[in-house]
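Engineer:
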Amino acid sequence: MADELVEVFDRFDLSNKESSRIILDGVDEGIVELGANLFQFNFSDVMDMEKVLNGRPYTIDNQLLNIKLWVEGIDRQMEAFQLTHIWVQLWNLPIHWLTKEIEIKIGGTFEDLEDIIIPMGGSKEGRHMKLKVVVNTGCPLLRGTVVKLNGQSIWVDFRYEKCPNFCYGCGLIGHSDKSCSLKSGTTK
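Using full-length UniProt numbering, the letters of the sequence shown correspond one by one to residues 1 to 188.
The following block contains the structure:
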């Protein structure tokens, strides 16, 4: 089993930091390559599978490793892989808005909200909150949103954690702003 994992991941140019981030404990039934950049990981223990699913998002070589629960036919539905997990930091919130209630409200702007973290006040991370959300990689990522509460409107900045090849010009994942054809006025 370990030999199969090494063989598959040897195809990627992984740094030590990236390879240590991949948590695939329990993949003891093998890995099947279904196509270009499409693999099936087989687990014998449901708890191991859930550990991997709950650990999302993952990145390898500055690309998203989009892990999905297997359903019949998913290998022929590439649009299923457009929805992916990502952590979003919410900045510019008043201190009294750092609540789960506000995060749930803001989380509604994404496809799905999976987790909420409110860092302790006075931490080195600053005054922000984090959401683990599902986004559609075929659509531009939001730069922020206006939140209204008790008659007060505040612009909330979104900062995406470990977002690979993200273009600040058009908002799409998959290329950088330096190579964006939309920003320069040309089409792909």
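Glycine included, each C-beta is placed from N, C-alpha and C at the ideal position. Please read all numbers here as calculations on a predicted model, not as lab measurements.
1. Which same chain residues end up closer than 7 Å to LEU38 when comparing Cβ atoms and leaving out the 5 residues on each side of it in sequence?
2. Looking at C-alpha atoms only, which residue of ILE173, HIS128 and GLU114 is the closest neighbour of LEU64?
3. Consult DSSP for VAL46 and reduce its assignment to one of helix, strand or coil.
4. Measure the C-alpha to C-alpha separation of LEU113 and GLY107 and round it to an integer number of angstroms.
5. Going by DSSP, what residues sit across from HIS85 in a beta bridge?
6. Are GLU103 and MET129 touching if we call contact CB-CB under 8 Å?
7. Since GLN40 and TRP70 are thought to touch, with beta carbons under 8 Å apart, how far apart are those beta carbons, to the nearest angstrom?
8. Does the Cβ-Cβ distance between VAL135 and ILE86 come in under 8 Å?
9. Report the residue from ASN150, GLU161, PHE166 and SER181 whose alpha carbon sits nearest the alpha carbon of HIS96.
10. Who pairs with SER153 in a beta bridge, going by DSSP?
11. What do you reckon, are the CB atoms on CYS163 and CYS170 nearer than 8 Å?
12. Any idea if LYS34 is buried or exposed, counting beta-carbon neighbours within 10 angstroms, 16 or more meaning buried?
13. Excluding the 5 residues preceding and the 5 following PRO140 in the sequence, name in chain order all residues of the same chain whose CB lies nearer than 7 Å to its CB.
14. Could you tell me the distance, in whole angstroms, from the CA atom of LYS132 to the CA atom of TRP91?
15. Taking GLY138 as the reference, which of TRP155, GLN82 and HIS175 has the closest Cα?
16. Need the endpoints of the beta strand (DSSP E) that GLU33 sits in, please.
17. Using the Cβ count rule (16 or more neighbours within 10 Å means buried), how would you classify SER153?
Structural biologist: Here's the rundown:
1. ASP75
2. ILE173
3. helix
4. 5 Å
5. VAL134
6. yes
7. 7 Å
8. yes
9. ASN150
10. LYS148
11. no
12. Before going on, a small fix: residue 34 reads as Leu here, not Lys. Flag for LEU34 reads exposed.
13. CYS170, GLY171 and LEU172
14. 15 Å
15. GLN82
16. 31–35
17. exposed
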